[in-house]
Structure formats: C-alpha cells, structure tokens
Amino acid sequence: MDRTERFYKIQAMLMAKQSVSMKQMQEALEVSRATLNRDLAYMRDRLGIPFAWDASLRGYALIRQQSNDKTFELPGIWFNQQEIVSLLTMIELISKLEPGGLLHPQLAPFKQRLESLLEDGIGNSAEARNRIRILPMAQRHVSGDYFQLVTYALVQRKRVTMQHFARPTGQTTEREISPQRLVYYRDNWYVDAYCHLRESLRSFSLDAINNVTLLEQKAIDIPEEQLRETFESSYGIFTGKNRQVAKLKFTPFRAQWVAREIWHPEQVGEVHADGSYTLEVPYGEDWELLQDILRQGPDVEVLGPLELRHKVMKLIDQLSGIYR
1 MDRTERFYKI
11 QAMLMAKQSV
21 SMKQMQEALE
31 VSRATLNRDL
41 AYMRDRLGIP
51 FAWDASLRGY
61 ALIRQQSNDK
71 TFELPGIWFN
81 QQEIVSLLTM
91 IELISKLEPG
101 GLLHPQLAPF
111 KQRLESLLED
121 GIGNSAEARN
131 RIRILPMAQR
141 HVSGDYFQLV
151 TYALVQRKRV
161 TMQHFARPTG
171 QTTEREISPQ
181 RLVYYRDNWY
191 VDAYCHLRES
201 LRSFSLDAIN
211 NVTLLEQKAI
221 DIPEEQLRET
231 FESSYGIFTG
241 KNRQVAKLKF
251 TPFRAQWVAR
261 EIWHPEQVGE
271 VHADGSYTLE
281 VPYGEDWELL
291 QDILRQGPDV
301 EVLGPLELRH
311 KVMKLIDQLS
321 GIYR
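Each step along the sequence shown adds one to the number in UniProt numbering, with nothing skipped, and position 58 is 58.
Listed below in structure tokens is the structure:
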C-alpha cells in the first residue's frame with residue numbers, strides 16, 4: 001500500500017468515527033508506528049488537515065469549530081510527486097497563455113501548496129520548476145481587460161461591440177459580435193464569432209481589437225456543427241468559401257518531421273520508398289498555407305493545384321529579387 005492509499009484510509013477512518021486510536025490505524029494500514037507518525041505529520045503539516053490527539057477520547061479526531069462546520073472535511077484527492085510536477089507544468093503553461101496575469105491571484109495559492117508538497121519529496125521545487133521551459137513563439141500582446149470582457153461575454157452568452165483593425169486593408173471598423181468560441185492558435189488568441197455587421201461567421205484576432213464594450217443583448221448561438229464546418233474544414237485559422245486540396249511533396253530529410261505532424265484533421269499522407277512524403281490538406285484562404293510552404297525552403301514542392309504552385313513560384317521570384 002503506497003502513501004496516497006494510506007491517506008485515503010486515514011481519511012475514511014477519521015470521517016467515519018469520532019476518534020481513531022494509533023492501534024486501530026496501525027492495524028488497518030499494516031504499517032509501523034514510525035511510518036504512521038510520518039503520515040500523520042505530513043497530513044497535518046503539509047496538507048493542512050486539522051486533526052489532533054484527543055486525550056479524552058484516547059485517539060485522533062478532526063477539529064471542527066462547530067458541529068455543522070464542513071470546512072474542515074478532508075479533501076478527496078492527493079497527488080504523488082509525478083502528478084504534482086505535471087500540475088505545476090500546467091500552471092506554468094496557463095500563466096504563459098492567459099494575457100495580463102488575470103488568473104494569477106487565483107492560481108498562486110494552489111501553486112504555493114503544490115510547491116510545498118513537492119519540496120517535501122524532492123527538496124527544491126524551484127529547481128524542478130526551472131527545468132520546465134515554455135517558450136511562446138511570435139506571441140502578440142493582448143489587452144488583459146479586453147480578453148476578460150470577451151471571455152465573460154462568451155460564457156454569459158452576451159454580445160460585445162468593438163473596433164477591429166484589419167491588417168490586410170489597414171481599415172478599422174466598428175463591429176458587433178456574438179462570441180462563439182475562444183481559440184488559442186499558434187501562440188495567439190482568436191475569437192470565433194457571428195459578426196452582425198457582415199451577417200456571417202468570422203474569426204477575430206484579439207490583439208487587433210480595441211474599445212470592447214459588453215452589451216446586455218443576448219448573443220446568437222450558432223450550432224456546433226456549423227462552427228466546425230466553417231472554421232475547421234480547411235487549413236489555418238482563417239477560412240475561405242472555395243475549398244481545394246493542396247498536394248505537397250517533402251524531401252526524405254524534411255519528411256522525418258512532417259510525416260509526424262498534423263497540419264489538418266482531414267489530411268492524407270503517404271511515405272514513399274525513397275523516404276519522401278506527400279501530404280494532402282484542404283484549404284480555403286491560401287495565404288497561411290503559402291507561408292508554411294515557404295518555411296520549408298527547398299524541402300517541399302507543390303504538386304497541385306496549379307494555381308497554388310504558381311503563387312509559390314511568384315513569391316519565390318519576389319523573394320529572390322530582394323537578394324540579387
């Protein structure tokens with residue numbers, strides 16, 4: 001029986017009886033007195049469980065301020081060292097993902113408790129934490145206040161108004177939207193929403209919005225199936241109406257990575273005898289796909305469609321012209 005299992009048994013005994021003697025615990029747990037003392041000390045000092053030896057009852061009992069006080073009930077779960085490290089990693093990830101440190105006050109006490117528990121087992125939680133690195137790439141700044149407003153509207157099913165800056169055109173427009181989903185994509189935040197100005201579903205980058213105002217008006221709810229069809233049927237975060245399938249061929253060298261990557265849920269890939277790899281992915285708007293193709297350098301060839309191949313050729317000509 002490991003220590004976590006013993007904690008559960010001690011919990012059950014303390015909750016079931018007015019008091020529990022050392023002998024009763026030892027017999028139930030089949031451990032030495034020294035081991036039991038260590039377990040009890042850990043539960044009291046590290047887990048913060050309020051119990052004490054009651055001389056009149058000749059056993060250990062929970063401490064309650066009032067007979068109906070439920071705040072001192074023992075937690076129903078404990079974590080081993082591996083689970084604690086995993087949870088600390090998740091907290092570190094959340095701190096990198098959410099803008100403006102909005103959740104820091106809520107997460108800090110939980111994080112401190114986990115670090116305290118971890119130190120009891122491995123000595124220095126800071127050492128373990130410093131060995132976990134989460135490095136966002138090309139992350140754009142998002143206002144914490146706007147992030148919070150959009151998230152609140154999303155959960156409460158309210159509309160918001162905002163000013164949206166469209167980078168391709170350089171124009172700023174006033175939009176009223178019904179938020180449908182919050183999306184974290186390639187280290188940046190987006191909101192999938194119904195745009196009442198355009199009367200269609202759109203995806204907005206949260207770093208490109210300003211002057212967000214929460215409205216009392218109820219948001220329009222779009223069926224999940226329609227959201228998936230609009231936002232997930234083609235390659236990238238932005239969709240297009242004319243869906244096509246790109247066929248790409250990667251060299252044996254690059255195939256070592258790409259063959260293990262998921263570019264789209266509906267992709268089709270094939271590894272060839274020479275080690276090369278062909279990948280077929282659906283796409284609508286092609287600008288994001290074009291960027292990813294160019295990132296591969298000479299290790300990829302566009303086999304089709306012909307229009308996509310010509311666009312890549314044109315971009316390569318423009319790029320080479322810069323360095324001539």
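Glycine residues also receive a C-beta, built at the ideal position from the N, C-alpha and C atoms.
Report the three-state DSSP secondary structure of residue i (helix, strand or coil).
{"i": "Glu30", "result": "coil"}
{"i": "Trp53", "result": "strand"}
{"i": "Gln226", "result": "helix"}
{"i": "residue 339", "result": "Residue coverage of the chain in this structure runs from 1 to 324, which leaves residue 339 outside it and unanswerable."}
{"i": "Val20", "result": "strand"}
{"i": "Tyr8", "result": "helix"}
{"i": "Ala61", "result": "strand"}
{"i": "His141", "result": "coil"}
{"i": "Pro109", "result": "helix"}
{"i": "Asp2", "result": "coil"}
{"i": "Gly48", "result": "coil"}
Distance check for residue j and residue i, CA to CA, integer angstroms please.
{"i": "Glu216", "j": "Lys111", "result": "36 Å"}
{"i": "Gln148", "j": "Pro99", "result": "9 Å"}
{"i": "Leu93", "j": "Leu87", "result": "10 Å"}
{"i": "Gln156", "j": "Ile222", "result": "15 Å"}
{"i": "Ala16", "j": "Leu107", "result": "32 Å"}
{"i": "Pro109", "j": "Glu261", "result": "37 Å"}
{"i": "Leu57", "j": "Ile84", "result": "36 Å"}
{"i": "Arg243", "j": "Gln296", "result": "23 Å"}
{"i": "Arg44", "j": "Val150", "result": "42 Å"}
{"i": "Trp287", "j": "Glu301", "result": "16 Å"}
{"i": "Ile63", "j": "Gln82", "result": "31 Å"}
{"i": "Pro305", "j": "Ile316", "result": "17 Å"}
{"i": "Phe72", "j": "Gln139", "result": "Legend: pLDDT at Phe72 = 44, less than 50; position of this residue unreliable, value from coordinates given subsequently. C-alpha separation (whole angstroms): 43 Å."}
{"i": "Ser178", "j": "Pro136", "result": "29 Å"}
{"i": "Ala219", "j": "Gln226", "result": "16 Å"}
{"i": "Gly48", "j": "Leu294", "result": "56 Å"}
Excluding the 5 residues preceding and the 5 following residue i in the sequence, name in chain order all residues of the same chain whose CB lies nearer than 6 Å to its CB.
{"i": "Met13", "result": "Val20"}
{"i": "Thr278", "result": "Lys249 and Glu270"}
{"i": "His104", "result": "none"}
Below 7 Å CB to CB, which residues in the same chain sit around residue i once its five sequence neighbours on both sides are set aside?
{"i": "Leu289", "result": "Tyr235, Gly236, Ala246 and Tyr283"}
{"i": "Thr89", "result": "Ile132"}
{"i": "His264", "result": "Tyr235, Val281 and Pro282"}
{"i": "Val268", "result": "Glu280"}
Among residues of its own chain, excluding the 5 on either side of residue i, which ones have a beta-carbon nearer than 8 Å to its beta-carbon?
{"i": "Gln163", "result": "Thr172, Thr173, Glu174, Arg175, Ile209, Asn210 and Asn211"}
{"i": "residue 332", "result": "Here the chain has residues from 1 to 324 only, and residue 332 is not among them."}
| query | Whole beta strand (DSSP E) runs in the UniProt domain "WYL" (146-213) with 3 or more residues, listed along the chain? | reply | The UniProt domain "WYL" (146-213) is shown to contain whole beta strand (DSSP E) runs of 3 or more residues at 158-166, 171-185, 188-195 and 200-205, in chain order.
| said: Taking 8 Å as the cut-off, does the stretch 224-235 touch the stretch 159-173 (at least 3 CB pairs, one atom from each stretch)? | reply: no
| request: Check whether the stretch 190-198 touches the stretch 250-260, counting contact only when three or more Cβ pairs, one atom from each stretch, lie closer than 8 Å. | output: no
| Start-end ranges of the alpha helix (DSSP H) lying completely within the UniProt domain "WCX" (245-318), minimum 4 residues | 252-258 and 287-295
| task | Inspect the CB distances between the stretch 205-215 and the stretch 135-147 and report whether three or more fall short of 8 Å. | result | yes
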